[in-house]
Amino acid sequence: MLRVLGKLPRELGVAVSGGPDSMAILDFLSNSHDVTACYFDHGTNFGRKCNRFVKNFCDSRDIPLVVGVNYNSCPAKKSLEEHWRDERYKFLHSFSMPVVTGHNLDDVIEWFLFSSMHGLGKIIPYENKNVIRPFISTSKRSMEDWCERKEVPFLADPANADRKFMRSIIRHDIMPHARLVNPGLQKTFKKLVEKEYNK
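Those letters in the sequence shown? Residues 27 to 225, per the numbering used here, in order.
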C-alpha cells in the first residue's frame with residue numbers, strides 16, 4: 027500500500043527516473059491528480075535510455091513531460107553522486123508547482139546510516155523548497171509491489187549495484203547487517219518519520 031503523508035494539491039510535478047519507485051508514484055498519482063512528469067537526464071548512456079522510456083510511457087498515458095539535461099561536468103573535488111544530485115535539484119527547484127519525489131522509507135534508513143557515519147544521523151526532511159517527499163513512510167517493497175500488481179513498467183539502474191557509489195555500499199553491504207541488529211528497523215524509522223512530520 028502506498029501511504030501519502032500530507033494533503034497534496036491537485037496540480038503537481040512528479041520527479042521520474044524510470045525506476046520502480048518513481049514509476050509507481052507516477053502511476054498512483056496520475057489516477058487522482060493533474061500531474062506533470064519531470065525527468066532529469068544526467069548525461070549518461072543509461073540516462074538517455076531512461077529518457078526515451080519515460081517519454082514513451084508518458085505518451086501512452088497522455089501525461090505531460092518536462093525534461094532537463096545535465097550539461098555540466100563534475101567539479102574535481104566533488105563526488106559524481108553529489109554533482110548529479112545538485113544538478114537534479116536545480117532542475118526540480120525551477121518549477122513553480124510542488125514536485126513529488128519517490129523517496130521512500132528505505133531511502134530514509136540508508137540516508138540516516140550514511141549521515142551517521144559522517145557524525146550526525148539525519149532523517150530525510152519532508153520538503154526542500156518546492157520539492158516534497160510524501161512517500162517517506164512507504165517501503166520500497168510496497169512501490170515494487172504496486173508496479174507488479176498494476177503492470178507498471180520500469181527500468182533498473184545498473185549504478186544501483188555499482189559499489190563505486192556510496193549508496194550502493196550502504197544498500198547492499200550495510201543495510202542487511204542493520205536489519206540483523208534490528209529486525210524491526212522499518213517500523214522504528216516509520217515512527218520517526220511520522221513523528222518528525224507531525225511536529
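Note that beta-carbon positions come from the ideal geometry of N, C-alpha and C, so glycine has one too.
Legend entry - Gly145 to Ile196 span [Cα, whole Å]: 16 Å
Legend entry - CA nearest to the CA of Asn114, picked from Ala182, Ala204, Ala41 and Met201: Checking the sequence, you will find Arg at residue 114 rather than Asn. Checking every option, the nearest Cα to that of Arg114 belongs to Ala41.
Inset, instruction - Give the range of the alpha helix (DSSP H) segment to which Glu107 is assigned. - result: Segment Leu106 to Leu118, the alpha helix (DSSP H) holding Glu107.
Legend entry - Own chain residues within Cβ distance below 6 Å of Cys84, not counting five before or after: Ala63 and Leu91
Legend entry - Inter-residue CB distance, Asn208 and Phe161 (contact presumed, cutoff 8 Å): Rounded, the Cβ-Cβ distance is 22 Å, inconsistent with contact.
Inset, instruction - Following the continuous beta strand (DSSP E) through Thr164, name the residue where it begins and the one where it ends. - result: For Thr164, there is no enclosing beta strand (DSSP E), as DSSP gives it neither H nor E.
Legend entry - Rounded separation between Ile149 and Phe54 - CA only: 25 Å
Legend entry - Backbone secondary structure at Phe66 - three-state DSSP: strand
Inset, instruction - With 8 Å as the threshold, decide whether the Cβ of Ser165 is near any Cβ in chain C. - result: Reference to chain C is not applicable here, since this structure consists of a single protein chain.
Legend entry - Per-residue burial, Leu106 [other beta carbons within 10 Å of its own, 16 or more giving buried]: exposed
Legend entry - CA-to-CA distance, Ala204 to Ser142, given in whole angstroms: 13 Å
Legend entry - 4 or more residues per run - each alpha helix (DSSP H) lying fully within the segment 31–84: Correct list: 46–56.
Legend entry - Limits of the beta strand (DSSP E) - the one that Leu28 falls within: Note, Leu28: premise wrong, no beta strand (DSSP E); not H, not E.
Legend entry - Closest Cα partner of Leu38 within the set Ser120, Val30, Val125 and Lys81: Ranked by how close their Cα comes to the Cα of Leu38, the residues Ser120, Val30, Val125 and Lys81 have Val125 in first place.
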